[in-house]
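Here the sequence shown is numbered in this note's numbering, starting from 17 and rising by one per residue. This report refers to the structure that appears directly beneath it.
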Amino acid sequence: MYLKLRNEIDDAIKAGSISSPITDAEARKLPYLQAVIQEGLRIKAPAAGPLFKQVPPQGDEIDGKFIPGGTQIGQSPFAVYHSKEIFGQDASLFSPERWINADPAKYEAMAEVVSLVFSTGKYQCLGKPVAFIELNKIFVEASSIAVIDTIETNQAEQLLRRFDFCASSVESVTLSLSATASTTTVAAETTTATSADLSTPFASTVGDETTTEAIGAATTTETSVTVNFSTTIETTGTAETATTDAITTDAITTAATTTAETTTADATTTTADTFVPIPTFDVLAIGAQVDGQKLRGHVTTDYEMGWNLDRTPPILAFSIDPDTNQVKEVNGNHLCLQYGDPNEDYPNFLKFCDPGSVTNIDIGLGMVTCEQTHDRRLECSAPAAQCVEDDMTRMVTCSALPGTFTGFYTNSGMSQGITLVMGPESNGPTGTAYQSVDLGIEPASQ
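Written as structure tokens, this is what we have:
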């Protein structure tokens with residue numbers, strides 16, 4: 017089995033069909049790797065204890081037997097994932113081939129059971145997409161650099177550095193710069209050419225050909241200092257710049273004068289504008305069935321926010337970072353968007369994520385940015401995306417969509433109350449559970 021997996025990875029590397037590091041999309045095209053992952057989750061499920069759920073108050077019927085409301089029912093993951101009826105008589109054995117040889121109907125039945133490792137419905141683990149990304153990457157990257165018996169310390173460090181979602185230390189950044197110093201000469205030539213091109217927009221603004229040369233030269237000097245590690249290149253660039261500066265001194269003065277005049281005009285306009293953003297504010301609904309009500313929610317991560325919620329959580333107070341426009345709850349958590357599947361009536365929920373969270377469409381999480389308007393409303397946006405579950409493998413794939421999400425909607429289809437969701441403003445979620453809503457603001461009450 018190990019050699020089969022190694023051979024599949026080696027063949028993909030030779031064919032040039034996987035990158036370094038491998039992407040999640042590339043890994044999902046390796047059938048034996050996917051079979052190993054599915055079989056591993058089945059044999060050694062992460063959650064081994066009984067998974068209890070409570071029967072609703074009205075009771076329920078299971079296998080022809082009535083179960084009274086309030087009853088706690090638990091299931092044994094081990095028994096479910098080792099079912100001979102689903103996985104065959106050799107269900108107790110680790111056999112990736114059962115996935116390779118299965119017909120589509122059998123594959124779907126097995127995948128549906130294994131997907132319960134992450135639970136399902138509203139209880140589904142939010143980390144499921146991240147877990148599959150990690151599994152898809154670690155097997156390939158470890159296999160490509162490790163010997164069979166032991167991974168030495170330096171090899172293990174190399175493995176960690178190859179992950180595109182791994183943070184680099186200061187030391188590793190320094191080593192990276194040193195390693196690329198030999199190619200800096202080429203980069204400097206390319207950068208100089210780019211600087212010349214970038215001078216054109218400045219020329220259009222000032223309208224002076226001579227000024228264009230001065231700005232282009234100034235840009236070249238700044239870029240040269242940034243990227244050059246070679247004394248020869250730096251000296252040459254400075255010499256050329258010095259010559260140009262001598263010719264274009266008057267032009268630079270003219271540009272500075274023009275800029276000063278423009279600034280004066282802008283300052284006059286700003287003085288007449290009395291709009292002052294609210295530093296800390298509450299959010300209230302404008303329209304829909306919750307018109308005039310303030311937004312509430314739990315001040316911890318991964319909970320939906322909205323109105324008329326169970327246990328009446330507190331009113332939420334927010335601020336906006338003036339540099340990034342990211343929205344922060346007063347306790348420090350950021351406003352994020354958990355992407356869903358519009359085709360399965362699973363909308364994009366607003367929730368909090370902690371400041372250290374990585375927001376990335378690949379893991380189904382986007383950052384929300386907002387601005388306050390003069391009429392005391394919020395205008396917000398988030399990158400458009402969706403997360404769709406494959407009917408065959410039960411794996412969720414998240415992908416970008418054109419444009420951004422700028423519309424807010426109430427969702428009354430959840431048992432815990434009316435939740436706030438986001439989507440396209442002109443073509444948002446449909447159905448009786450959704451209503452378009454605007455968000456107003458007023459100074460925080462707490």
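Built from N, CA and C at the ideal position, the CB exists for glycine as well.
How many whole angstroms separate the CB atoms of Cys396 and Thr422, which I take to be in contact at a CB cut-off of 8 Å? 7 Å
Where does Asn364 land, buried or exposed, given buried means 16+ other C-beta within 10 angstroms? buried
Scan the segment 285 to 358 and note each continuous beta strand (DSSP E) run of 3 residues or more that stays entirely inside, going in chain order. 297 to 302, 321 to 323, 333 to 336, 343 to 345 and 350 to 354
Residues sharing a beta bridge with Phe368, DSSP: Leu351
Simplified DSSP assignment, three categories, for Gln54: helix
Residues bridged to Asp454 [DSSP beta-bridge criterion]: Answer is Ile302.
Continuous beta strand (DSSP E) stretch holding Pro93: start and end: From DSSP, Pro93 is part of no beta strand (DSSP E) but of the alpha helix (DSSP H) over Pro93 to Tyr97.
What is the DSSP secondary structure of Glu441, reduced to helix, strand or coil? coil
Give the DSSP bridge partners of Tyr18, in chain order. Partner(s): none; Tyr18 has no beta bridge.
Lys122, enclosing alpha helix (DSSP H) - first and last residue: Pro120 to Val130
From Ala31, Ala449 and Leu49, residue whose alpha carbon lies closest to that of Leu21: The candidate whose alpha carbon is nearest that of Leu21 is Leu49.
Simplified DSSP assignment, three categories, for Asn376: strand
Terminal residues of the beta strand (DSSP E) in which Ala416 lies: Val412 to Phe421
Indicate the three-state DSSP secondary structure (helix, strand or coil) for Pro145 in the structure shown. helix
DSSP three-state label for Ala449, please. coil
Residue interval of the alpha helix (DSSP H) (run including Phe68): Run containing Phe68: none; DSSP gives neither H nor E here.
Run through DSSP, which three-state label would Lys100 get? helix
Does DSSP put Phe134 in a helix, a strand or coil? Correct three-state label for Phe134: helix.
Let's test the definition: count the other Cβ atoms within 10 Å of the Cβ of Pro47 and tell me whether it reaches 16, buried, or not, exposed. Pro47 is exposed by the Cβ-count criterion.
Gly85, DSSP secondary structure in three states: Gly85 sits in coil when the DSSP states are folded into three classes, being neither helix nor strand.
For the 8 Å Cβ check, are there 3 or more pairs between the segment 55 to 73 and the segment 23 to 35? no
Hey, Val14 and Leu332: beta-carbon distance below 8 Å or not? Shown here, the chain extends from 17 to 462; a query on residue 14 therefore has no answer.
Could you check the C-alpha separation between Gly137 and Lys367 for me, to the nearest Å? Answer to the nearest angstrom: the Cα atoms are 17 Å apart.
Counting Cβ pairs, one atom from each stretch, are 3 or more of them under 8 Å apart for the segment 109 to 120 and the segment 73 to 89? no
Only counting the same chain, and skipping five residues up and downstream in sequence, which positions put a Cβ closer than 7 Å to that of Gly85? Val71, Pro72, Pro73, Gln74 and Gly75
Cβ pair count under 8 Å reaching 3, the segment 343 to 357 against the segment 304 to 312: no
Could you give the DSSP three-state label for Leu436: helix, strand or coil? strand
With a threshold of 7 Å, establish whether the CB of Thr435 neighbours any heavy atom of the ligand NAD. What this structure holds is no ligand at all, so the ligand NAD is not there to describe.
CA-CA distance, Pro293 and Leu394? Approximately 11 Å between the Cα atoms of the pair.
Touch test, the segment 319 to 329 against the segment 370 to 389, Cβ-Cβ under 8 Å, three pairs minimum: no
Of the residues Cys403, Met126, Gly447 and Gly456, the one placed nearest Thr409, counting alpha carbons only: Met126
Can you tell me which residues form a DSSP beta bridge with Thr35? The sequence given here places Ser at residue 35; Thr does not occur at that position. Ser35 is bridged by DSSP to nothing; it lacks a bridge partner.
Is it the case that the Cβ atoms of Thr389 and Ser335 are separated by a distance below 8 Å? no
Sequence-distant residues of the same chain with beta carbon closer than 7 Å to Ser461, five excluded per side: Asp298 and Ile331
Pull up the CB-CB distance for Cys141 and Phe134, whole angstroms please, since I reckon it's below 8 Å. 4 Å
For Asp76, the first and last residue of its enclosing beta strand (DSSP E): Asp76 to Ile78
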